[in-house]
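Trainee: To start, I am sharing the structure in question, which I have written as structure tokens.
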Amino acid sequence: MKTRSWAEPFKIKVVEPLRMTTRAERERAISAAGFNTFLLRSEDVYIDLLTDSGTSAMSDRQWAGMMLGDEAYAGSANYYHLEDAVHRFYGYKHLIPTHQGRGAEHLLSRLLIEPGDVVPGNMYFTTTRAHQELAGARFVDVIRDEAHDPADPSPFKGNIDLAKLSTLIDRVGAERIPYLCLQCCVNMAGGQPVSLANVREVHAICRSHGIPVMLDATRAVENAYFIQQREPGQAGRSIEEILREICSYTDGCTNSAKKDCLVNIGGFLCLNDDAVAEEARNMVVLFEGLHTYGGLAGRDMEAMAIGIAESVQQDHIRARIGQVEYLGELLQRAGVPIVRPIGGHGIFVDAARFLPHIPREQFPAQALTAALYVDSGVRAMERGAISCGRDPDTDENIYPPLELIRLTIPRRVYTQAHMDVTAESVIALHEHPERVVGVRFTHEPRYLRFFQARFEPLEGQGVLRDVALADAGQEG
Ligand code: F0G
Numbered sequence: 001m002k003t004r005s006w007a008e009p010f011k012i013k014v015v016e017p018l019r020m021t022t023r024a025e026r027e028r029a030i031s032a033a034g035f036n037t038f039l040l041r042s043e044d045v046y047i048d049l050l051t052d053s054g055t056s057a058m059s060d061r062q063w064a065g066m067m068l069g070d071e072a073y074a075g076s077a078n079y080y081h082l083e084d085a086v087h088r089f090y091g092y093k094h095l096i097p098t099h100q101g102r103g104a105e106h107l108l109s110r111l112l113i114e115p116g117d118v119v120p121g122n123m124y125f126t127t128t129r130a131h132q133e134l135a136g137a138r139f140v141d142v143i144r145d146e147a148h149d150p151a152d153p154s155p156f157k158g159n160i161d162l163a164k165l166s167t168l169i170d171r172v173g174a175e176r177i178p179y180l181c182l183q184c185c186v187n188m189a190g191g192q193p194v195s196l197a198n199v200r201e202v203h204a205i206c207r208s209h210g211i212p213v214m215l216d217a218t219r220a221v222e223n224a225y226f227i228q229q230r231e232p233g234q235a236g237r238s239i240e241e242i243l244r245e246i247c248s249y250t251d252g253c254t255n256s257a258k259k260d261c262l263v264n265i266g267g268f269l270c271l272n273d274d275a276v277a278e279e280a281r282n283m284v285v286l287f288e289g290l291h292t293y294g295g296l297a298g299r300d301m302e303a304m305a306i307g308i309a310e311s312v313q314q315d316h317i318r319a320r321i322g323q324v325e326y327l328g329e330l331l332q333r334a335g336v337p338i339v340r341p342i343g344g345h346g347i348f349v350d351a352a353r354f355l356p357h358i359p360r361e362q363f364p365a366q367a368l369t370a371a372l373y374v375d376s377g378v379r380a381m382e383r384g385a386i387s388c389g390r391d392p393d394t395d396e397n398i399y400p401p402l403e404l405i406r407l408t409i410p411r412r413v414y415t416q417a418h419m420d421v422t423a424e425s426v427i428a429l430h431e432h433p434e435r436v437v438g439v440r441f442t443h444e445p446r447y448l449r450f451f452q453a454r455f456e457p458l459e460g461q462g463v464l465r466d467v468a469l470a471d472a473g474q475e476g
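Sequential numbering of the sequence shown, starting at 1, is according to my numbering.
This is the structure we're talking about:
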């Protein structure tokens, strides 16, 4: 029997009008933003694929939950609802709410890291590594090699390389490793999942050396979906069951609830160890707020509790990933080089292959995000050398193997027609890649430079030349 199409398991009750701009307006806007899409005003953006973080649409139930906010300084009812949801779906013993994911990363890094320590993980994430380094540790990437190859079709490219992990433990000694950071649906690799088998094996190795495993559970629900779809023997299980099993092999987690948990703000730290949790509750008061609100309003915690329960529903997750796959397949069919297999939260375009005429020192991914915006008002994000930053020892730019732009899909926000319009713009640029001009820094911030850096195109006519000029340039 022919399988039928999926459709969104919701209908639209409230709409937010979008503003269309002219190309001249967009050229002015991107120039004023220093050719950095993070510095654009959102009112100048047509389809916003900058991030899936805090950009989801909440359900009517979540909005109703907002009205039930118990805005008590201490012991809010909503904290206990959130605690129940986290216990039920993630299964950890202690919950410490934080204002967002990096709040939890800050606490965890300060709690467990001593200067000179080494933290292994499956590819860096920007804020996670920054907090590890601020606490005095060095991050060591132990992801499998195929994660660095955009064309490798392996189903679990987020997996940790067990040999790399064991070698590292032998080399630096388990006592120098405060914890291993295991990320689900590895963001910088293109949203690539880890397999349940890999999580189990990592747990076994770390346990034999007394090293705790800390999960970055930010996209663990999406990861559970890929396990259900791709891992032998997992097809009959629910997302809820798989999520619980992933978490059961770890000693705690940090979580940015702004992604899978379907809220606009919020995060949490979970710990199973009573003594560490006691210290975390002490520390959260200094940096976030009392341990029963952690920088959040009661209503935010209520929305999060409801969002967590919605996030594991099969219809939801199937439509969510289905939409990402829809966009990816449109691009793939047109020959646009994208990271394969299609990951969880967005489509990652291989900017180095897309723009072979722009050398890495001229930041092809940064240039492509700016050119895409000029072409159609679609806002994407650079995920390459600018995001990776400088080597802390040599201060040289790091050029990671992956030089990508990310078209990140917010959850429950855009329609299939928005995906069509986005694909048409990317495909049009791909037909004449020589139109895109490389960029150089005019301002480089010290921390997480990609957020606030400014650039200029290397040629006077902007970051996207028109076709006639590009042809003339090629001839000349
Ligand atoms: N971990 C991962 C894997 C993330 O993707 C993010 C955020 C964080 C931690 C930090 O969480 O933003 O709530 O403080 N990622 C966003 C993104 C910024 O666009 O990918 P946060």
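The C-beta atom is built at its ideal place from N, Cα and C for all residues, glycine as well.
With A423 and L327 assumed to form a contact (beta carbons below 8 Å), what rounded beta-carbon distance in angstroms separates them?
Mentor: That belief holds up - the Cβ atoms of A423 and L327 are roughly 6 Å apart, short of 8 Å.
Trainee: If you reduce the DSSP assignment to three classes, tell me which class T369 lands in.
Mentor: It is helical.
Trainee: Within 10 angstroms of the Cβ of V467, are there 16 or more other Cβ atoms? Answer buried if so, exposed if not.
Mentor: Counting Cβ neighbours within 10 Å, V467 comes out exposed, since fewer than 16 surround it.
Trainee: Please find out if some non-hydrogen atom of the ligand F0G comes closer than 8 Å to the beta-carbon of D141.
Mentor: No, the Cβ of D141 stays beyond 8 Å of every heavy atom of the ligand F0G.
Trainee: Which residues have their C-beta within less than 7 Å of a heavy atom of the ligand F0G, listed in chain order?
Mentor: My final list is T51, D52, S53, Q100, G101, R102, G103, E105, F125, T127, T128, Q183, N187, D216, T218, R219, T254, S256, K258, K259, G267, M381, T408.
Trainee: Inspect the beta-carbon positions of I405 and V349 and report whether they are closer than 9 Å.
Mentor: Cβ atoms of I405 and V349: closer than 9 Å.
Trainee: Do you know offhand how far F125's Cα is from N187's?
Mentor: Between F125 and N187, the C-alpha separation is close to 7 Å.
Trainee: I need the straight-line Cα distance from T98 to E444, nearest angstrom please.
Mentor: Their Cα atoms are separated by approximately 29 Å.
Trainee: Relative to the ligand NAP, is the shortest distance from any of its heavy atoms to the C-beta of F441 smaller than 8 Å?
Mentor: The model on display carries the ligand F0G but not the ligand NAP.
Trainee: Can you give the Cα-Cα distance for V263 and M58, rounded to whole angstroms?
Mentor: Those two C-alpha atoms are separated by around 7 Å.
Trainee: Quick check: the Cα distance between V336 and L372, rounded to an integer number of angstroms?
Mentor: Roughly 14 Å between the two C-alpha positions.
Trainee: Quick check: what's the CA-CA separation for S195 versus G158?
Mentor: Between S195 and G158, the C-alpha separation is close to 8 Å.
Trainee: Can you tell me which of the three DSSP states S256 falls into?
Mentor: Note: S256 maps to strand in three-state DSSP.
Trainee: Measure from the alpha carbon of D117 to the alpha carbon of each residue in P457, R318, L95, V140, then state which is nearest.
Mentor: For D117, the nearest C-alpha among the options comes from V140.
Trainee: From N198 to T292, what distance separates their C-alpha atoms?
Mentor: If I take the Cα positions, the gap works out to 34 Å.
Trainee: The beta strand (DSSP E) that contains G121, what's its start and end?
Mentor: Unbroken beta strand (DSSP E) run through G121: 118–121.
Trainee: Hey, would you say Q332 sits closer than 9 Å to I409, going by beta carbons?
Mentor: Not closer than 9 Å, so no.
Trainee: Kindly provide the ranges of any beta strand (DSSP E) runs that are 3 or more residues long and lie completely inside the segment 60–147, ordered along the chain.
Mentor: 94–98, 118–121, 138–141, all fully within the segment 60–147.
Trainee: Within a Cβ cutoff of 6 Å, which residues of the same chain sit near G476, ignoring the five residues on either side of it in sequence?
Mentor: Annotation note: pLDDT 34 at G476 (below 50); position unreliable, coordinate value reported separately. Nothing listed; no residue qualifies.
Trainee: Ignore the nearest five residues each way along the sequence and tell me which others in Q452's own chain have a CB closer than 6 Å to its CB.
Mentor: Excluding sequence neighbours, Q452 sits near P445.
Trainee: Ignore the nearest five residues each way along the sequence and tell me which others in E8's own chain have a CB closer than 7 Å to its CB.
Mentor: So the qualifying residues of the chain are A319.
Trainee: Taking the alpha-carbon of F354 as reference, which of A303, F455, V436 has the nearest alpha-carbon?
Mentor: Minimum Cα distance to F354 is reached at V436.
Trainee: How long is the line joining the alpha carbons of L168 and H357, rounded to whole angstroms?
Mentor: Their Cα atoms are separated by approximately 38 Å.
Trainee: Identify every run of the beta strand (DSSP E) within the segment 413–476, keeping only runs that are complete inside it and at least 3 residues long; order them along the chain.
Mentor: Those beta strand (DSSP E) runs which fall completely within the segment 413–476 and span 3+ residues are 439–443, 454–457.
Trainee: Put F156 into one of helix, strand or coil per three-state DSSP.
Mentor: Correct three-state label for F156: coil.
Trainee: Could you tell me the alpha carbon to alpha carbon distance between I211 and A29, rounded to whole angstroms?
Mentor: Taking the straight line from one Cα to the other gives about 49 Å.
Trainee: Please state whether DSSP places R379 in a helix, a strand or coil.
Mentor: Residue state, collapsed to three classes: strand.
Trainee: Measuring only the C-alpha atoms, how far is F10 from D315?
Mentor: Approximately 10 Å between the Cα atoms of the pair.
Trainee: Just to confirm the assignment, what range does the alpha helix (DSSP H) spanning L330 have?
Mentor: Residues 314–333.
Trainee: Just tell me which of E361, V413, M67, A174 has its CA closest to the CA of S53.
Mentor: Closest by alpha carbon: V413.
Trainee: What residue range does the alpha helix (DSSP H) around V285 cover?
Mentor: Unbroken alpha helix (DSSP H) run through V285: 274–287.
Trainee: Taking the straight line between their C-alpha atoms, what separation do you get for P232 and R244?
Mentor: Near 18 Å, if we compare the C-alpha coordinates of R244 and P232.
Trainee: C270 and G295 - do their beta-carbons sit closer together than 9 Å?
Mentor: No, these two residues do not count as a Cβ contact at 9 Å.
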